[in-house]
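In my numbering, each residue's number is its place in the sequence shown (first place is 1) plus 5. Cβ coordinates follow ideal geometry from the N, Cα and C atoms, glycine included.
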Amino acid sequence: MTPTPPAGQLAALDASLDVVPAAGDRRRHPAPAHLVFFHGPMDCGKSTLALQVDHNQSRQGRHGLLLTQGDRSGTPQISSRVGLQRAAIELDADTDVRLLVRDRWAAGQRVDYLIVDEAQFLTGAQAEQLAELVDESHVDVYAFGLTTDFRTRLFPGTQRLFELADDVQRVQVEVLCWCGLPGLLNARVVGGAVVREGATVVVADTAPAPQPPAAVPEVASAGDAAVRYQVLCRRHYSRGQLGPTPTVPGQLTLR
């Protein structure tokens, strides 16, 4: 027979239970929400991870919104190079993310979390709006974006998320330069050469998509030249070297 605790211990236990919020009662007893920023170079799997986080959250009964802008597909969706994709809400520089969420609430929809892909394209004000949703409305935010642009400079959205996020994580899937070293920098390639000047935002993929013989290529362009991106290590980015150079017999390949 289990002994009954003294009356004093029972009273203390009852008092402690009074401060435990009922399950799901998040507005009256808010659980801490977080702003998490995942970053890395192109090809490191950010969009794949974004869709995985959404899957894990939704299978626990949570309801989220998927947001993006400038996806490589050219459509409002989050798409991964491994073939995964989900429809998403397209943002632009004038979108107030707070109003987007509040409109869903006004329509009777739950919004427990946000998945924000291509977060490097956010404005500083939009990054601040995400932080406000976390702090004032207890909405979890998971943002995914590139670390630097083709000039090796932080995107404005990336910089502000570095400054505001509760947790900043580099995506752990390693991207390799053609030489085998870790690829860290996104080189913009125009007409087969690395360029270091131009508009910050030119949406293109890391390699030209295969085209049918008679098709007209639909790729981003700078003037008349096709644009693509290639991830390089710091040394080969600095040299503008996109692949090994031909060598004569007996000469070692330089890397």
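Taking Val-173 as part of the alpha helix (DSSP H), name the residues at either end of that continuous run.
That residue, Val-173, is in no alpha helix (DSSP H); its beta strand (DSSP E) goes 172–175.
From Tyr-147 to Gly-197, what distance separates their C-alpha atoms?
35 Å
Is it buried or exposed, His-44, if we count other Cβ atoms within 10 angstroms and call 16 or more buried?
buried
Which whole-angstrom value describes the C-beta separation of Val-144 and Val-106, a residue pair presumed to lie in contact below a C-beta threshold of 8 Å?
6 Å
With three or more beta-carbon pairs closer than 8 Å as the criterion, would you say the segment 62–76 touches the segment 111–120?
yes
Counting beta carbon pairs with one atom in the segment 163–172 and one in the segment 128–138, are three or more of them shorter than 8 Å?
yes
Taking the CB atoms as reference points, tell me whether Val-176 and Gly-50 lie closer together than 7 Å.
yes
Backbone CA spacing between Val-60 and Gly-150 [nearest angstrom]
At residue 60 the sequence reads His, which differs from the Val that was named. Their Cα atoms are separated by approximately 19 Å.
Given Ala-38 as reference, the closest of Glu-179, Glu-141, Arg-158 once Cα atoms are compared
Glu-141
Helix, strand or coil, according to DSSP, for Thr-306 in the structure here?
The chain is shown from 6 up to 260; residue 306 falls before or after that span and cannot be answered.
Asn-191 versus Trp-110 - alpha carbon distance:
39 Å
Unbroken beta strand (DSSP E) run spanning Gly-150, endpoints
145–151
Alpha-carbon to alpha-carbon, Val-102 and Gly-245:
38 Å
In three-state DSSP terms, what is Glu-141?
helix
Excluding the 5 residues flanking Ala-28 on each side, which residues of the same chain have their C-beta closer than 6 Å to its C-beta?
Reliability of the predicted coordinates at Ala-28 is poor, the pLDDT of 35 falling under 50, and no value is obtained from them.
How is Ala-132 classed by DSSP in three states: helix, strand or coil?
helix
Below 8 Å on the Cβ atoms is my guess for Thr-152 versus Pro-249; work out the distance and round it to an integer in Å.
Contact flag wrong, Cβ pair sits at about 26 Å.
Does the beta-carbon of Asn-61, which I'm using as the reference point, lie nearer than 6 Å to any heavy atom of the ligand NAD?
No copy of the ligand NAD appears in this structure; indeed no ligand is present at all.
Is the distance from the Cβ of Phe-126 to the Cβ of Gln-90 below 7 Å?
no
Hey, Leu-169 and Ala-132: beta-carbon distance below 7 Å or not?
yes
Anyone know if the C-beta pair for Asp-172 and Val-41 falls short of 7 Å?
yes
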